[in-house]
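For the sequence shown, the positions run 1 to 284 when full-length UniProt numbering is used.
By construction, the Cβ of each residue, glycine as well, lies at the ideal position given by its N, Cα and C atoms.
Owing to the predicted nature of the structure, the values given are computational and were not obtained by experimental measurement.
Worksheet: one structure, shown below.
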Amino acid sequence: MVEHKFKLKKAALAALFMFGFIPFVFTSCEIFNKKVLLKFQIPYAVNSSTFKRVSTVIDKFNRENKKTKIELIPAQSRRELYNHITLGIEAKNKDLPNLVIHYPSLAYYAASQNKALDFSSALTLSSLSSDFLKQYNRFNSDKITNLPLAISSEALVINKPLLGYFLLELEKYATKNGISLNLERVPIFKLAKDYFTNLKTLTKVEDLELWKLKFNFNKTLILDNKNLFEDLDLNSYENLFRFTSVIHASTEKGNVDYLYSQSVVNTTYSIMFNDANQDYNHYF
């Protein structure tokens with residue numbers, strides 16, 4: 001098999017349990033007119049609108065790429081594709097596709113049979129968060145055997161009094177420990193601080209009693225992330241991951257958990273899927 005590095009275009013992260021790209025290790029890569037031929041199977045019939053849309057993308061890729069040719073292979077359903085791959089692996093069929101679109105369950109099976117390629121090295125060429133993908137890893141290794149395909153919109157939900165309280169306590173700690181920290185530069189920080197400051201005293205007391213929060217700030221951690229706090233870019237999910245990680249590391253366990261989620265709906269379904277041990281027999 002000839003190995004190539006492909007630059008992965010940035011994709012919005014969605015529920016990884018919905019669909020995914022799954023790469024396989026087979027000897028079915030062929031040389032076709034001096035090009036590497038990759039076989040890509042998707043769970044859609046030839047006459048379906050989805051197959052036609054994917055085919056348009058593949059045709060464009062084949063026209064523009066000089067080293068690799070992709071052959072698009074249809075399947076009538078996800079079940080048909082799953083059976084084709086699993087039975088082919090058991091039969092040691094060397095003519096199976098190199099890449100498929102399916103649920104992660106197929107990737108887990110392929111990985112258990114040592115047939116799944118590792119996407120980790122390719123992620124260095126993309127903006128996908130490897131930490132996000134690794135949380136769906138069922139084999140406790142650093143390998144990433146599937147990538148998200150679905151695209152979703154993003155939403156940022158912030159508990160203003162809770163964030164404001166954290167930031168005010170952070171400012172107190174910074175002043176006490178000689179750290180120059182200007183949180184006024186981030187508008188949403190100023191909004192959250194002002195909101196908590198202007199709450200009625202009784203409301204503050206009730207909230208603090210409910211939250212039962214204790215902060216354990218670390219000077220080195222704050223200094224290392226000083227630029228993050230002073231110039232937080234809300235359009236960067238990498239920075240938001242870092243931001244919530246700092247908050248989590250600075251907070252002792254109380255009645256509140258911090259979570260950055262780009263899709264509340266997808267996160268909810270993802271939690272349900274993980275609680276079902278990533279087994280669709282227990283999911284529905």
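Asked                                                                                                                                                                                     : Found
Give me the DSSP bridge partner(s) of residue 71.                                                                                                                                         : 39
Please determine, among 67, 173, 46 and 274, the residue with the shortest C-alpha to C-alpha distance to residue 216.                                                                    : 173
For the candidate residues 114, 62 and 73, whose alpha-carbon lies nearest to that of residue 89?                                                                                         : 114
For my contact list, residue 100 and residue 81 are in at a C-beta cut-off of 8 Å; report their separation, rounded to the angstrom.                                                      : 6 Å
Might you give, ordered along the chain, the residues of its own chain that have their beta carbon closer than 6 Å to the beta carbon of residue 246, omitting 5 neighbours on each side? : 225
Which one or two residues does DSSP pair with residue 214 in a beta bridge?                                                                                                               : 252
Helix or strand or just coil, what does DSSP make of residue 167?                                                                                                                         : helix
For residue 167 versus residue 193, is the C-beta spacing smaller than 8 Å?                                                                                                               : yes
Run through DSSP, which three-state label would residue 199 get?                                                                                                                          : coil
Measuring CB to CB, does residue 144 end up less than 8 Å from residue 120?                                                                                                               : yes
By the 10 Å Cβ neighbour count, where 16 or more other Cβ atoms means buried, how is residue 41 classified, buried or exposed?                                                            : buried
If residue 241 sits next to residue 228, beta carbons under 8 Å apart, how far is it from one beta carbon to the other, in whole angstroms?                                               : About 11 Å separates the two Cβ atoms, so there is no contact after all.
For residue 46, which residues from the same chain have a beta carbon less than 8 Å from its beta carbon, with the 5 sequence-adjacent residues on both sides left out?                   : 74
Pick from 210, 50, 92 and 190: whose alpha carbon is nearest that of residue 285?                                                                                                         : Examination of residue 285 is not possible in this model, given that the chain is present from 1 through 284 alone.
In or out: residue 222 buried (at least 16 other Cβ within 10 Å) or exposed?                                                                                                              : buried
Keeping to the same chain, check which residues put their C-beta closer than 8 Å to that of residue 185; ignore five residues upstream and five downstream.                               : 230 and 231
Could you tell me the alpha carbon to alpha carbon distance between residue 61 and residue 67, rounded to whole angstroms?                                                                : 11 Å
Can the beta-carbon of residue 218 be found closer than 8 Å to that of residue 250?                                                                                                       : yes
Quick one: measure Cβ to Cβ for residue 70 and residue 85, integer angstroms, because I've assumed they're closer than 8 Å.                                                               : Not confirmed; about 17 Å, so no contact.
Which one of 44, 188 and 56 has the shortest CA to CA distance from residue 78?                                                                                                           : 44
Quick check on residue 147: does DSSP put it in helix, strand or coil?                                                                                                                    : strand
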